[in-house]
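A.B. asks: Numbering (the working numbering), first residue to last: 469 to 627.
#1: Report the three-state DSSP secondary structure of residue 627 (helix, strand or coil).
#2: Are the Cβ atoms of residue 594 and residue 533 separated by less than 7 angstroms?
#3: Between the segment 610-624 and the segment 470-479, are three or more C-beta pairs nearer than 8 angstroms?
#4: Given a threshold of 16 other Cβ atoms within 10 Å of its Cβ, counted over all protein chains shown, does residue 524 qualify as buried or as exposed?
#5: Would you say the segment 560-573 touches the segment 585-594, given that touching needs at least three Cβ pairs under 8 angstroms?
#6: The alpha helix (DSSP H) with residue 683 in it runs from where to where?
#7: Which residue marks the beginning of the alpha helix (DSSP H) containing residue 521, and which one marks its end?
#8: Assign residue 513 to buried or exposed, taking buried as 16 or more other Cβ atoms, counted over all protein chains shown, within 10 Å of its Cβ.
#9: What's the gap between the Cα of residue 516 and the Cα of residue 614?
#10: Give a yes or no on whether the C-beta atoms belonging to residue 554 and residue 574 are separated by under 7 angstroms.
#11: Which whole-angstrom value is the C-beta distance of residue 506 and residue 495, which I expect to be below 8 angstroms?
#12: What residue from 623, 480, 602 has the CA that sits closest to residue 500's CA?
#13: In three-state terms, what does DSSP make of residue 552?
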């Protein structure tokens with residue numbers, strides 16, 4: 469079953485797609501070291517998309533199943549968990565419903581789960597000033613996997 473993403477998540481993804489289009493159009497004109505900056509920017513944005521999406525989906529769940537204050541509490545509580553990989557997301561989801569993570573895991577391709585973990589690792593490396601050498605096309609592939617992951621999380625929680 470497909471359940472529509474919260475509008476704020478959809479907007480975040482649209483802004484990221486616009487960034488990718490801009491990076492793609494500029495990429496042929498720039499040096500390799502600038503392409504690395506492009507890849508880093510997209511990695512940070514993609515990791516942020518995962519975190520933002522999980523927060524917004526759980527917040528929407530709180531609003532749909534409680535009231536605005538519960539939704540806001542859920543949002544603020546989950547916001548404290550940053551730099552999310554699959555393991556951390558499982559812990560967060562299990563705090564709500566222990567059936568959600570198995571549903572996500574079963575419906576999500578392995579590449580999408582791996583993309584989430586790879587983006588978290590890249591984000592952490594960049595946050596700590598470490599170079600990683602991951603190319604723009606690889607990060608774009610991770611972003612596509614992250615989008616699949618977010619849709620599966622959304623389906624598990626809001627459907």
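Every residue, glycine too, gets a C-beta built ideally from N, C-alpha and C.
Note that the coordinates shown come from a computational prediction; the quantities given were computed from them, not determined experimentally.
C.D. replies: For this structure:
#1: When secondary structure is reduced to three states using DSSP, residue 627 falls in the coil class, being assigned neither helix nor strand.
#2: Between residue 594 and residue 533, the gap from beta carbon to beta carbon reaches 7 angstroms or more.
#3: By the Cβ test, the segment 610-624 is in contact with the segment 470-479, since at least three Cβ pairs between them sit closer than 8 angstroms.
#4: By the neighbour-count criterion, in which 16 or more other beta carbons inside 10 Å mark a residue as buried, residue 524 falls on the buried side.
#5: No, they do not touch.
#6: Since the first residue of the chain shown is 469 and the last is 627, residue 683 is not available in this structure.
#7: For residue 521, the enclosing alpha helix (DSSP H) begins and ends at 500-533.
#8: Counting Cβ neighbours within 10 Å, residue 513 comes out buried, since at least 16 surround it.
#9: Residue 516 and residue 614 have their C-alpha atoms some 10 angstroms from each other.
#10: Their beta carbons are not under 7 angstroms apart, which means residue 554 does not touch residue 574 by this criterion.
#11: With 8 angstroms as the limit, residue 506 and residue 495 qualify as a contact, their Cβ atoms being about 7 angstroms apart.
#12: Distance check between residue 500 and each of 623, 480, 602 places 602 closest, using alpha-carbon atoms only.
#13: Assigned with DSSP and collapsed to three states, residue 552 falls in coil, not helix or strand.
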